[in-house]
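Heads up: the sequence lines are chains A and B, in that order. Counting in the numbering used here, the first sequence runs from 386 upward without gaps. Counting in the numbering used here, the second sequence runs from 336 upward without gaps.
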Amino acid sequence: MMRPINLFFQVTVKFLFIIHLFSSGLVYAEAKQTINIAYLTQERKVPPPLSNLDAFIPNKGVLGSELAVADNNTTGQFTGQQFVLKKFIVPLDGNVVDAFNKEIDDQYPYVVVNLPAELTNKIADLPAAKQKLLFDAATIDDALRNEQCRNNVLHLLPSRAMRADALAQYMMKKRWNKWFLVVGATDEDRLFADAIRRAAKRFGMKIVEEKAWEHTYDARRTAQSDVAVFTQVDDYDVLVVADEQGQFGEYLEYRTWSARPVIGTQGLVATAWHRTHEQWGAVQIQNRFKDQAGRWMEEQDYGAYLAVRAIGEAATRTKSNDIKLLKDYIFSDAFALQGYKGNPLSFRSWDGQLRQPVLLAAPRSLVAVAPIDGFLHPKTELDTLGYDQPESTCKWSK
Amino acid sequence: MMKKNVLGLFLTVALTGTAQAETVFVTLEKDNALAVVDPVAGKLVKTVEIGQRPRGIAISPDNKFLYVATSDDNTIKIIDTETLKETGKLPSGEDPETFALNPAGDRLYVSNEDDSQVTVIDIKHKKAVKQIKVGVEPEGITVSPDNLWVASASETTNMVHWIDTKTNAIVENTLVDPRPRALSFTADSQQLWVTSEMAGTLMILDVKTKQIVKSIKFDVQGVTPDKIQPVGVVIDKDRKRGYVALGPANRVAVINAQTFEVEKYLLVGQRVWNLAFSPDQKRLYTTNGASNDISLIDLEAQTVTKSIGVGTYPWGVAVKP
């Protein structure tokens with residue numbers, strides 16, 4: 386299966402080598418090596434707006450991968466490697482599986498995938514995907530990192546469990562021990578609530594009250610009347626909200642019956658990336674991204690950026706474009722990805738999750754970075770977030 | 336005869352006591368100011384406004400001028416060390432942070448982090464004479480004492496670029512540990528010492544081969560590895576010892592520059608970034624960004640003797656005899 390690629394490379398390599406000798410007086414007269422990366426996504430339906438404050442961003446993710454490939458190529462000019470990013474954006478009514486089978490052929494061993502959870506695994510299970518390495522830049526599902534894990538998929542964004550643990554560590558530090566959990570109506574909300582319950586148990590916190598939000602989503606009514614009534618419950622320290630789509634969570638703050646902070650999917654949120662983050666060189670990538678994209682960097686952009694940078698880092702260090710060598714390097718102890726969050730980032734060997742700090746952010750200020758000081762781990766404190774090796778139910782044969 | 340000796344002794348004491356009262360200049364990133372410190376007296380003499388977000392700082396070989404990168408003003412200011420007044424500006428390119436002077440003091444090399452380039456400035460004519468494309472997010476930069484090389488480290492590309500000072504072109508590149516931050520040549524220009532913030536290492540590069548000949552991993556008891564983020568590095572002129580600031584580990588590592596063993600970790604202020612020797616190399620000054628002070632290390636005793644409060648976010652440090 387790899388043979389045609391090799392042949393293709395030999396030809397290209399020779400050709401480029403000749404050009405290189407003539408075109409450049411520099412000392413690094415190495416043959417150019419090409420690393421082809423595919424980016425696969427599908428157009429999303431524009432969700433009903435909660436308010437007119439934030440416009441829908443249709444291209445989350447792809448701009449991050451573009452910045453990363455430019456960064457890789459800046460490095461590549463010194464190492465004789467060239468990174469090529471080809472984008473495959475399937476229309477709303479298109480078929481992603483067909484697109485993958487037909488268009489992302491053997492010349493693309495690395496595929497950055499920005500798709501919903503179910504589709505991500507559907508792609509990972511295709512015969513053509515078996516020889517590839519997929520970089521999931523969008524999902525946060527714990528199932529994909531546990532019982533439904535795939536050995537050809539790496540996950541760039543923190544899972545719901547990692548986010549819930551980050552929030553729990555902060556609440557524990559603040560001694561907000563009694564939680565009032567409010568859960569929205571979608572499946573995702575229920576998954577987020579599951580992660581919150583797991584975190585409460587892990588860190589010895591107490592969910593003293595739990596309620597499902599069943600009220601209207603109309604801002605004018607919700608805000609004024611329903612919330613006060615809805616939040617008349619026994620005493621609690623903090624309201625934890627599970628509303629991933631943002632259908633009502635924003636209307637809880639300042640409207641609860643008792644004066645209590647809101648945390649979870651709104652209020653203080655746990656995220657891989659945030660516009661308020663500027664430590665550890667983050668201000669530089671925020672600026673570079675904004676210059677290029679004309680907007681702030683979103684989480685999926687960060688995920689896609691890291692995915693392409695991980696490929697770049699592995700290719701630079703191994704001086705190779707071979708998928709086996711790169712995959713081995715990515716899972717080795719030597720792999721250290723710079724993600725502008727202080728610690729070097731690496732992939733957990735048991736589930737392919739990128740271990741990383743999780744930011745805890747209010748809309749206009751960064752509040753804390755988890756793991757919070759004092760939460761210890763024998764190997765790395767980053768593994769206090771999410772499913773640690775002994776807890777993982779992922780069984781893959783690598 | 337006797338009298339003369341006593342006088343001589345008295346003079347020596349006087350010299351070591353007061354005549355060496357050098358001045359330490361510290362840029363205060365969040366105060367938009369420059370702190371002027373009398374280290375021997377152990378006090379902040381004064382603070383002067385300098386411009387938006389001052390970071391990198393260097394002193395001219397004749398000690399007459401300070402160069403200060405005021406990042407948010409997109410310039411490097413020239414400051415008279417006596418009057419502390421601005422006497423001119425250099426065209427540094429955007430967002431200057433770190434830069435290096437050549438030994439003659441007539442060329443200045445600036446890292447332009449957002450543009451992935453190094454700007455070469457002719458100081459006399461206050462003109463940018465060349466822009467050199469380097470890797471992503473260039474940070475640390477230094478010139479070899481023999482003036483043959485400019486070494487520039489790019490943080491995201493993880494490389495040291497070797498720039499020939501005659502041609503202002505990159506001649507070679509060395510792949511190093513992730514997020515290289517600062518670098519420094521030994522006085523004999525034989526070695527280049529490079530710190531990696533992410534790997535927590537110090538790498539020694541041989542200038543002839545441009546290869547890493549030694550890598551030292553720092554390990555401080557009671558400090559988790561991810562807190563050990565090496566930044567500033569200096570080596571004494573006899574190449575006996577080198578010193579590395581370990582960032583949020585709040586320590587300065589003392590390294591035997593012959594055996595490359597870590598001899599000691601000295602506890603200083605919080606988030607220690609940059610280092611500078613006193614002119615006689617008997618003391619070392621550290622800027623501690625998070626505790627808003629500088630530490631003074633007595634190098635003969637190898638102990639921290641003083642910490643002096645200077646202002647918010649001390650960043651760079653330069654010393655005038």
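From the three backbone atoms N, C-alpha and C, an ideal C-beta is built for every residue, glycine too.
DSSP places I413(B) in no alpha helix (DSSP H) but in the uninterrupted beta strand (DSSP E) bounded by 410–415. Beta-bridge pairing by DSSP links S731(A) to R740(A). Here N486(A) carries a helix assignment [DSSP, helix/strand/coil]. Within a 10 Å sphere around the beta-carbon of N480(A) sit fewer than 16 other beta-carbons, which makes this residue exposed. At the C-beta level, T524(A) and A502(A) come within 8 Å of one another. Counting along the chain, D456(A) sits inside the alpha helix (DSSP H) bounded by residues 447–464.
Setting aside the 5 residues that flank it on each side, P543(A) is surrounded in the same chain by A657, V743, each with a C-beta closer than 6 Å to its C-beta; the list follows chain order. Fully contained in the region 377–427 of chain B are the following beta strand (DSSP E) runs of length 3 or more, in chain order: 378–384, 389–394, 400–405, 410–415, 421–425. Spanning the alpha carbons of V453(B) and T464(A) requires a straight line of approximately 19 Å. At least one CB atom of chain B sits nearer than 8 Å to the CB of A721(A). Taking C-beta separations shorter than 6 Å and ignoring five residues to either side along the sequence, the partners of D521(A) in its chain run V498, T505, V538, H540, following chain order. Near chain A, meaning a CB-to-CB distance below 8 Å, the residues of the region 447–465 of chain B are E448, D449, S451. In the three-state reduction of the DSSP assignment, L634(B) falls in the coil class. I648(A) has its alpha-carbon roughly 36 Å from the corresponding atom of G697(A).
Beta-bridge pairing by DSSP links S489(B) to P473(B), M494(B).
H540(A) is bridged by DSSP to D521(A), Q738(A). If you draw a straight line from the Cα of M538(B) to the Cα of K549(B), it is about 6 Å long. Interface residue (Cβ-Cβ distance to chain B less than 8 Å): D718(A) is not classified as such. For E573(A), there is no enclosing beta strand (DSSP E); the residue is found in the alpha helix (DSSP H) stretching over 572–587. Between A522(B) and R574(B), the CB-CB gap stays under 8 Å. With contacts defined by Cβ atoms closer than 8 Å, K465(B) and V478(B) do not form a contacting pair. Judged by beta-carbon spacing, L470(A) lies within the 8 Å limit of Y424(A), meaning their Cβ atoms are closer than that value. For M494(B), the C-beta contacts it makes with chain A under 8 Å involve T460, F463, in order along the chain. Chain-order list of chain A residues neighbouring A534(B): A721, P729, by C-beta distance under 9 Å.
In the displayed model, T701(A) falls within a helix according to three-state DSSP. About 5 Å separates the beta carbons of Q554(A) and F760(A), which is inside the 8 Å limit, making them a contact pair.
Neighbours of T559(B) in chain A, taken as residues at a C-beta separation under 7 Å, are given in chain order as E766. By the criterion of a C-beta distance shorter than 7 Å, V558(B) is surrounded in its chain by A584, once the five residues flanking it on both sides are discounted. For D773(A), no CB of chain B lies under 8 Å from its own CB, so it is not counted at the interface with that chain.
Residue nearest to K399(B) within the set I467(B), T530(B), K420(B), T405(B) is K420(B) (criterion: CA-CA distance). Taking a Cβ-Cβ cut-off of 7 Å, L483(B) has no neighbours in chain A, whose nearest Cβ is about 16 Å from it. In terms of beta-carbon proximity, D550(A) stays away from the interface with chain B, with every pair separated by 8 Å or more. With contacts defined by Cβ atoms closer than 8 Å, E472(B) and G449(A) do not form a contacting pair.
In the same chain as A625(B), and ignoring 5 residues on each side of it, the C-beta atoms closer than 6 Å to its own belong to Q605, R606, in chain order.
Of the other Cβ atoms in all chains shown, fewer than 16 fall within 10 Å of the Cβ of Y639(A); this residue is therefore exposed. For T492(B), the closest C-alpha among the options N503(B), I505(B), L510(B) is that of L510(B).
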